Amino acid sequence: MARIIDQYDSFHAHSRAEWREWLAQHHGTAPGIWLIYDKKASGRVRVSYAEAVEEALCFGWIDSLPRKLDAERAMLLFTPRKPRSVWSKLNKQRVAQLVQAGLMTPAGQAKIDVARQNGSWDTLNDSDNLVVPDDLAAALAAIAGARQRFEALAPSAKKNALYYIGSAKRPETRARRIAETVAQVTA
């Protein structure tokens with residue numbers, strides 16, 4: 000089986016404008032791209048992580064796997080967003096700003112519209128707000144002290160656990176992730 004790093008071409012963007020131009024030309028045909036970018040410490044003109052993500056959102060794409068190339072460069076995998084992919088609070092905030100600024104393209108807006116229609120736009124709302132779902136609450140309540148240990152986690156750790164559980168697509172996956180989370184906080 001081919002390694003993921005070999006499944007996509009790469010593109011070295013030296014600026015936000017170059018990255019946007021690449022997306023404008025290829026967002027509808029490319030299966031994905033490794034965006035190569037210069038690290039801040041390189042001192043070169045570069046596209047920042049936030050800029051790269053914002054431009055990708057404008058075209059309905061999303062970032063995923065980071066990889067280090069060398070001391071001055073790294074790369075990040077960008078792919079078209081799938082219809083059922085979930086939207087983080089941060090990316091929804093970015094989208095609102097991009098729409099307000101007139102930068103959102105029809106392709107990006109179409110992905111947003113699909114997400115709002117199929118519910119994936121709101122899937123992580125409770126996780127973002129650190130709301131413990133009933134099934135996790137019940138599993139934590141079944142073990143003495145588990146809920147207190149969960150609540151003692153740093154907000155970022157709680158959010159990660161809630162994202163992990165909330166992003167499960169099948170009930171059996173969700174149940175397994177709840178069991179794993181409870182096991183981790185009680186270990």
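Using numbering that gives the first Met the number 0, you'd call the opening residue of the sequence shown number 0 and step up by one each time.
Glycine included, each C-beta is placed from N, C-alpha and C at the ideal position.
Since we're looking at a predicted model, the values are computed, not measured.
Counting other Cβ atoms within 10 Å of its Cβ, residue 37 reaches 16 or more and is therefore classed as buried.
Counting along the chain, residue 112 sits inside the alpha helix (DSSP H) bounded by residues 105-117. Annotated three-state conformation of residue 66 is strand, per DSSP.
Beta-bridge partners of residue 162 (DSSP): none assigned. By alpha-carbon distance to residue 170, the top candidate from 86, 134, 100, 104 is 134. Counting C-beta pairs with one atom in each stretch, the region 98-105 and the region 66-77 have fewer than three that are closer than 8 Å, which means they do not touch. Pairing residue 181 with residue 151 gives a Cβ-Cβ distance that is not under 8 Å.
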